Amino acid sequence: MTTHSPQASANPLHAAQLSFVGVGVMAEAMIAGLLRRQLVERGQIVGSHPRPARREELQTHYGIRMVESNREAATLSDAQDADEAVTSVVVLSVKPQRAGKIMQELRGALAPEQLILSIVAGARMETIAGELSHPAVVRAMPNTPAQIGQGMTTWTATPEVTDRQLTEVHALLGALGREMYVESENMIDMATALSATGPTYIFMMMEALVDAGVHMGFSRHVAEELVTQTMLGSVLFARETHKHPAELRNMVTSPGGTSAEAIYQMEKGSLRTVLSKAVYAAYQRAVALGRK
0 MTTHSPQASA NPLHAAQLSF VGVGVMAEAM IAGLLRRQLV ERGQIVGSHP
50 RPARREELQT HYGIRMVESN REAATLSDAQ DADEAVTSVV VLSVKPQRAG
100 KIMQELRGAL APEQLILSIV AGARMETIAG ELSHPAVVRA MPNTPAQIGQ
150 GMTTWTATPE VTDRQLTEVH ALLGALGREM YVESENMIDM ATALSATGPT
200 YIFMMMEALV DAGVHMGFSR HVAEELVTQT MLGSVLFARE THKHPAELRN
250 MVTSPGGTSA EAIYQMEKGS LRTVLSKAVY AAYQRAVALG RK
């Protein structure tokens with residue numbers, strides 16, 4: 000497994016043509032990140048969406064070309080007649096329930112040089128490659144903090160994806176935050192449970208802590224500020240010190256103190272077990288979705 004931060008010294012996307020089939024929340028986050036970091040020009044991007052109002056919104060806000068037809072978007076980024084150094088990437092970013100129909104639309108329209116990058120939840124590479132009759136496929140699983148460039152995306156690729164394309168995918172997904180290449184597609188399902196679903200666990204814990212603060216007498220606004228900054232600071236502290244979470248916890252746990260009492264109650268309530276079971280249940284669900 001390899002992990003990369005958003006910063007990169009070279010820009011492998013300077014000549015790439017990018018097509019976004021279905022510009023939803025995550026695809027828009029990727030477009031915004033690419034333009035914000037100046038990895039591509041607006042003219043290098045084309046997207047598709049069925050609603051005219053949404054197309055106009057994206058075209059006005061980002062200055063990119065938007066079309067109604069998914070097939071047109073994919074073929075507009077076809078680089079087969081361009082210089083061989085130009086790469087065409089088709090980002091498949093539609094809802095899982097629409098993926099089958101849209102892949103039927105695209106079948107036969109893709110050139111051999113094009114790369115499919117799928118962020119469709121639960122869609123396995125074998126299925127995508129088969130539906131499109133196109134072997135070069137990357138499957139990625141981002142999470143919602145990608146919308147502010149602080150995401151964690153895991154991804155993998157079929158053997159037909161070239162080294163140059165792998166480098167370009169690193170840059171593309173880096174626009175969403177941090178990204179990690181994994182060898183096995185099963186690890187994507189595991190990451191779906193841990194990092195893609197992860198914000199759910201964090202937000203629920205935040206909600207519970209805020210409610211506890213309100214119960215003690217803080218206003219909701221004050222409780223939210225205290226909890227948000229405490230969680231943010233704790234995460235950054237852990238990242239910068241590279242210490243094990245247990246070591247960091249012990250640093251603030253004095254014998255007979257408030258932290259010790261809080262830990263006792265959390266252990267008594269089986270917090271670890273509940274979290275572990277939640278993650279494993281999410282993993283099993285991710286696997287089941289991939290089989291449909």
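Residue numbers (numbering that gives the first Met the number 0): 0 to 291. Think of the CB as a built atom: it goes at the ideal place given N, C-alpha and C, for glycine as much as any other residue. None of the values given here were measured: they were computed from a predicted structure.
Which residues does DSSP pair with GLN16 in a beta bridge?
-> Per the DSSP secondary-structure output, GLN16 pairs in a beta bridge with SER87.
Alpha-carbon to alpha-carbon, VAL90 and VAL136 | Roughly 10 Å separates the two Cα atoms.
Within 9 Å, strictly: CB atoms of THR155 and SER183 | Taking a C-beta distance under 9 Å as the contact criterion, THR155 and SER183 qualify as a contact pair.
Which ranges does the alpha helix (DSSP H) cover as unbroken runs of at least 4 residues, wholly within the region 117-198, from first to last along the chain?
-> The DSSP assignment places 124-131, 162-173, 184-190 as complete runs of the alpha helix (DSSP H) inside the region 117-198, in order along the chain (cut-off: 4 residues).
Out of MET25, GLY212, VAL88, GLN283, point me to the one whose CA is closest to HIS13's CA.
-> It is VAL88.
Would DSSP call GLY289 helix, strand or coil?
-> DSSP places GLY289 in helix when its eight states are reduced to three.
Near the ligand MG: ARG271 beta-carbon under 8 Å from a heavy atom = With respect to the ligand MG, the structure shown offers nothing to examine, as it has no ligands at all.
How should ASP162 be labelled, buried or exposed, when 16 other C-beta atoms within 10 angstroms of its C-beta is the threshold for buried?
-> Exposed, since its Cβ has fewer than 16 Cβ neighbours within 10 Å.
Nearest-angstrom Cβ-Cβ length linking VAL226 and ARG219, presumed shorter than 8 Å = Not quite, the Cβ-Cβ distance comes to about 10 Å (not below 8 Å), so this is no contact.
To which residues of the same chain is ALA28 closer than 7 Å at the C-beta, ignoring the five residues directly before and after it?
-> Short of 7 Å from the beta carbon of ALA28, and not among the five residues preceding or following it, lie these beta carbons of its own chain, in chain order: ALA145, GLN146, LEU175.
Top-ranked residue by Cα proximity to MET230, from VAL160, LEU116, ALA245, MET205 = Among VAL160, LEU116, ALA245, MET205, the Cα nearest to that of MET230 is on MET205.
Span of the beta strand (DSSP E) around MET65 | That run of the beta strand (DSSP E) goes 64-66.
In its own chain, which residues sit with a C-beta less than 6 Å from the C-beta of VAL286, not counting the 5 before and 5 after it?
-> Excluding residues within five positions, the ones whose Cβ falls inside 6 Å are ASP188.
Would you check if the distance between the CB atom of PRO134 and the CB atom of THR157 is smaller than 9 Å?
-> Result yes, Cβ atoms of PRO134 and THR157 sit closer than 9 Å.
Quick one: is HIS243 buried, meaning 16 or more other Cβ sit within 10 Å of its Cβ, or exposed?
-> Exposed is the call here.
Is it buried or exposed for SER269, if we count other Cβ within 10 angstroms and need 16 for buried?
-> Its Cβ having fewer than 16 others within 10 Å, SER269 is exposed.
According to the neighbour-count rule (16 or more other Cβ atoms, all chains shown, within 10 Å of its Cβ), is ILE201 buried or exposed?
-> The residue is exposed, with fewer than 16 neighbouring Cβ atoms inside 10 Å.
On the three-state DSSP scale, how would you describe LEU105?
-> The answer is helix: DSSP assigns LEU105 an H, G or I state.
Could you have a look at VAL45 and say whether DSSP puts it in helix, strand or coil?
-> VAL45 falls in the strand class under three-state DSSP.
Answer with buried or exposed for ARG123, where buried requires no fewer than 16 other C-beta atoms within 10 angstroms of its C-beta.
-> By the Cβ-count criterion, ARG123 is buried, with 16 or more other Cβ atoms from all chains shown falling within 10 Å of its own Cβ.
If you run the structure through DSSP and keep just helix, strand and coil, what is ALA280?
-> Three-state result, ALA280: helix.
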